[in-house]
Amino acid sequence: MNDEILTCVETKPGLSRRTFLQFCAVMAVTLGLPPEAEGAIAQALTTKHRPVVIWLHFAECTGCTESMLCTEHPALDKLILELISLDYHETLFAGAGRQADAARRASMAANKGKYVLVVEGAIPAKDNGIYCKIGGRTAVEILNECAQDAAAVIALGSCAVWGGMPSTKPNPTGCVGVDEVWKKPVVNIPGCAPNPYNFLSTVVHYITYGKLPELDNQGRPKFAYARIIHENCERRPHFDAGRFAQEFGDAGHRAGWCLYKLGCKGPETHANCPAILFGDVGGGSWPVGTGHPCIGCTEKGIGFEKPIFALAELKGVTPPASYPGIVEQQGHGATIASVAALAGAAGAVIGASAAMASNLGKGSKPESPSEGKE
Amino acid sequence: MKPLGGPYITRTTVIAAFMVAIMGILVLIRLCFGLRSVTNLNDGFPWGLWLAYDMVAGSAIGCGGYAVALVVYVLNKGQYHPLVRPAILASMFGYALGGVSVLVDISRWWNAWHIVWPAYFNLNSVMIEVALCVSVYTMVLMLEFAPPVVEKAVEWTGRWGGDLQAVATTVEKVLNKVLFVFIALGMTLPTMHQSSLGTMLIPFGPLLNPLWQTPVLPALFLLTALCMGYSVVMLEATLVSDRFARISEAHILGLLSRYLIAVVTAFLTIRWSALLYQGKLHFLFTSGGLSFAFLAENALYLIPVILLWPEHRRMAPRYQFIAAMCILSGGILYRLDAYMIAYGRTGWHYFPSVPELLVTFGMIAVEVLGYVLIVKFFPVLPSVEHAQTAALATK
Amino acid sequence: MPLTRRNFLKGTAVVGAASTAATAEVREEKTLSPKALGLLFDSTLCVGCKACVVACREANNTHPEFNTEDKLWDTPLDLSVYTLTVIKAYREGTGVTKDQEKDGYAFMKKSCLQCIDPSCVSVCPVKAMTKNSETGIVSYNPDNCIGCRYCVAACPFGVPRFEYDKTFARLRKCELCKPRLAEGKIAACAEVCPTGATLFGPVTVLRAEAERRHRLVPGERAFFPRKTADSPDVHEKPAPHYISETYGLTEVGGTQMQLLSGVRFEKLGMPMLPKKSFVSISETIQHTLYKGMIAPAVLFGCLLVLVRRSGKHDEHEDNHTGDE
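Residue numbers (the numbering used here), protein chains in the order written: chain A, 1 to 374; chain B, 1001 to 1395; chain C, 2001 to 2324.
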């Protein structure tokens, strides 16, 4: 690690080397990158030009921003605001109104084709989008304008990804996700709120390698959304052993048993919550860990659509390898020893009979008796 | 009839005794540690070699007495009478050991008396009839074998003289008066249980391969039992003549083989008619290895019929022996197939383990040992003048 | 008429035909008792959690079975003397879609089907297997059992399982939690099933519930009860596609456990069986041949006469006249 770089880190954001390197390590691990990535990330973060980020808010509760503010390693406001250039953020900006808007336009013009667009919140699309207007312009218009010259578009949170809570039936404002409005590739990071480290890791990956991490067919980063919660859940052994909490507060619930019967959507929800948890407060800090069934907040069609206590469908359940099939091979078949014993006996009988038969053919009074058991 | 005499310790009896000893140890292990310690039995094949061979095939081999009795007493062919006692002896062993095998096999043997206690009877079950019938028949066989024993007793008590001999002679007289009852029973009972051994397979339905499963199973089992009975008599008579160097009974056996051919023909006819009538012929081509087993059984029955058709061959000891061996093999194979090989559930495997095989061999050894010792001691075999009898009786 | 051989054979034929024709005892069909209890298993609802397997072990006081090297997990491969119910997984191809035959998976609960005409009850020689005339539950009585394993061999579904590695062995199979029923509870498997895949109750009620499910339109919003068919504890899910048959209505005379499934039953290991039970055939043969023991008695009687007349039964006499 370049000594110069570390010195730079120390002076600029006032970070200790240790904290900084810890952060890089965490980023690398979250992204599932090999060990040497830590060095690459550190290098990238300290030497490359800080990317510009334009952050839009539409039909949202600002929970995604709030969750971001709660990251700890390091304190986000210090680090990321120094590592990236946050040129527009309605919640965090001191300024508002036309001044803020002007700042946005200036930044977009100056960084045309190079800025990252982050969208938080659903886009009400009904009736030409009149249900969400900022500065007299509809969300649809603003999105299209900003996404036009963006290097990458990240939809942050379930609202931005597929409509989220505002799109709950009957969806009076026609809320949809970003990729229903902006038809070019969008990075989707669903969740309500999404785990902030999923977002940060994506951004850091982009900064380090100049490209986005591998995405699945719904545009979700695979490192976070490739597996269903059921496959990672710490309560899975209870599911496999048939130990279910029947009611909130019963003995099973208190003992930490599986919440499937209470409606946990883990079996049909893609997310990495049980792996990285929330809030940096230690083990069990995720919904199931605290004793509430997962509500499937990342999945379209599950979160805010399926009743919380309705049973989840199993998506491509992975019965353990030791799950018995309809037909299992059981019992001991022939061994060399047993076949040899039987064959030997049969052979002896056949041999003796053959000898006997040929002997009998010689006449009615044999001179010397042939071999035999008698 | 006279005891054969001669030494009791010969190569044959020693080998047999050794195998019996091994069997004894294995049976003890089985009783102490459960079936799995000795056998490969499992829930897919709860019935294995001990039941299929020792009990089912073994009892059919023990139908010699039954088969000969039918000819002697029903068809009134007195000339076969000399064959009766040796046949009864072989039958007695066959059934007694079949019964012992069952006792060794069933796992709650301390409840075995339930089989003869009416309060427990389930009259819908084929097995209760078979079990009762076999138990009674074994005792009947022992009673049918009483004459040689009683004769020997008369002879022995004669040496000690006086009252004992009088007692023995009275017993002999009483026995002769009532023997006909046991002889009649000894033909009724096997008709019942040998056919029922076939009926026992009917509840298995498709678990038994369709080539074997048929409603006429009782008839097929009864007929094969008769065939095997005749065959074992022919085999045993031929062997005894040869091994103990006596005049061969080929002539009698040749006449007897006519009945054998008749029964075999009936069996094959009924079997194939049933197969055709039920439209099961195509299974011959789709049952894999079992098709071969089926054809082998039928071949083993057909070959003797062809072999023994011409009169001159029927009288020749060699062909009688071959025919008898073929039919016995075919009959054993038929029973092993029906109870063990053509029965099965998907995914389950079974092959007798080595200890299991050794126990079966031991049971056979008991029969051999017992037979040899008894014909030497008791008056079982027909007495015949032969110059070499004394010298060659050392075998 | 003199008892010549010819007359004997004629007589036997006549008696035989007469007894068969007059008393051809075709065994009557067994019917469902009105208070019969049973289970309804819906494979489309089953998620393979095996809660029923665990609850069953607890209710019957048996122990886990290990089939993996590490012996850490209770992994029964099949029913056994210690496992009275087991969940088995059907998998084909990629196995990703539930209740689909091709490239899909499905779960099947295997346990005693409590047949209406049980093979095990018919074949047991000593009444160790009995069927309760009211509840229809098929029970095992170890005190009667001789361990012959005929029931194990004869059951069309392979349900009764024996203990092969004990000195004093016994058999076990599901008996619908009889002790629990006596306490007013329901079968343990139905009690704990989180999705209501296993329901307990009177067979008539369960069959009606199966009918209701067949009438659902696949995809429509539907409610499924848990524990029993009339329970208020229901959950909602879209109705699945079912195979049009309910298994257990007619197979070998019908069973008290019904099965519903989205894949064909033979894929789930349930054999295709005729309506007529196999034991009805064997019982018919037995009762026809041995009714009142008439046929055997006649046979015995004729043989007695023949043997007596043949004069060859006198061994003693024969021995002295020497051999032919």
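Glycine included, every Cβ here is placed at the ideal spot set by N, Cα and C.
Item: Neighbour list for Asp240(A) in chain C, Cβ cutoff strictly below 8 Å; Value: Cys2049, Lys2050, Trp2073
Item: Other residues of its chain near Thr2097(C): CB distance less than 8 Å, five sequence neighbours each side excluded; Value: Asp2103, Gly2104, Tyr2105
Item: Rounded straight-line distance, which links the Cα of Ile1247(B) to that of Gln1388(B); Value: In this predicted model, Gln1388(B) has a pLDDT of only 41, less than 50, meaning its place in the structure is not dependable enough to derive any value.
Item: Proximal chain A residues relative to Asn1209(B), where beta-carbon distance stays under 8 Å; Value: Chain A residues near Asn1209(B): none, gap ~18 Å exceeds 8 Å.
Item: CB contact below 9 Å: Phe1351(B) versus chain C; Value: no
Item: Per DSSP, the bridge partner or partners of Ile154(A); Value: Val118(A), Val187(A)
Item: Three-state secondary structure assigned by DSSP to Pro2202(C); Value: strand
Item: CB contact below 9 Å: Pro1206(B) versus chain C; Value: yes
Item: Paired residues, beta bridge with Glu2236(C) - DSSP; Value: Phe2223(C)
Item: Within chain B, partners of Asp2165(C) - CB distance below 8 Å; Value: Phe1033, Gly1034, Leu1035, Arg1036, Ser1037
Item: Simplified DSSP state of Ile123(A), which is helix, strand or coil; Value: strand
Item: Interface flag, Glu2028(C) vs chain B, CB-CB below 9 Å; Value: no
Item: Under 9 Å between C-beta atoms of Gln2256(C) and Ile2146(C); Value: no
Item: Top-ranked residue by Cα proximity to Leu1175(B), from Phe1285(B), Ala1146(B), Pro1352(B), Leu1201(B); Value: Ala1146(B)
Item: Nearest residue (CA-CA) to Asn1209(B), options Arg1345(B), Met1315(B), Thr1188(B); Value: Arg1345(B)
Item: 8 Å Cβ cut-off: residues of chain A touching Phe1045(B); Value: Gly331
Item: CA nearest to the CA of Pro1082(B), picked from Phe1180(B), His1251(B), Ile1202(B), Ile1106(B); Value: His1251(B)
Item: Ala340(A) in three-state terms, based on DSSP; Value: helix
Item: Residues of its chain near Cys273(A), where Cβ-Cβ distance is below 7 Å and the 5 sequence neighbours each way are ignored; Value: Asn195, Ile229, Trp286
Item: is_contact[Val1354(B), chain A] using C-beta, thresh 9 Å; Value: yes
Item: Buried/exposed call for Ile2266(C), threshold 16 Cβ in 10 Å; Value: For the sequence presented, residue 2266(C) should be read as Glu rather than Ile. Exposed is the call here.
Item: Same chain, Cβ closer than 7 Å to Phe1267(B), five either side skipped, listed in chain order; Value: Leu1220, Leu1223, Thr1224, Cys1227, Tyr1301
Item: Ile2087(C) in three-state terms, based on DSSP; Value: strand
Item: Closest Cα partner of Val1216(B) within the set Ser1196(B), Pro1206(B), Leu1207(B), Val1232(B); Value: Ser1196(B)
Item: Burial state of Thr2198(C), where buried means 16 or more other Cβ atoms lie within 10 Å; Value: buried
Item: Cβ-Cβ separation, Met1001(B) to Val1380(B) (assumed contact under 8 Å), whole Å; Value: 6 Å
Item: Contacting positions in the segment 270-304 of chain A - beta carbon closer than 9 Å to chain C; Value: none
Item: Outcome for Glu1151(B) when other beta-carbon atoms lying within 10 angstroms are tallied against a minimum of 16; Value: buried
Item: For Ala40(A) and Thr202(A), believed in contact at Cβ under 8 Å, the rounded distance; Value: Incorrect: roughly 16 Å between the Cβ atoms, too far for contact.
Item: Contacting positions in the segment 2235-2262 of chain C - beta carbon closer than 7 Å to chain A; Value: His2235, Glu2236, Lys2237
Item: Unbroken alpha helix (DSSP H) run spanning Leu1328(B), endpoints; Value: 1317-1336
Item: Burial state of Leu1103(B), where buried means 16 or more other Cβ atoms lie within 10 Å; Value: exposed
Item: Inter-stretch contact (C-beta, 8 Å, three-pair minimum) for the segment 1040-1048 of chain B and the segment 1168-1188 of chain B; Value: no
Item: Cβ contact (3+ pairs, closer than 8 Å) linking the segment 31-40 of chain A and the segment 122-138 of chain A; Value: no
Item: For Ile54(A), the three-state DSSP class (helix, strand or coil); Value: strand
Item: Validate contact between the segment 1175-1195 of chain B and the segment 1064-1071 of chain B using beta carbons, cut 8 Å, 3 pairs; Value: yes
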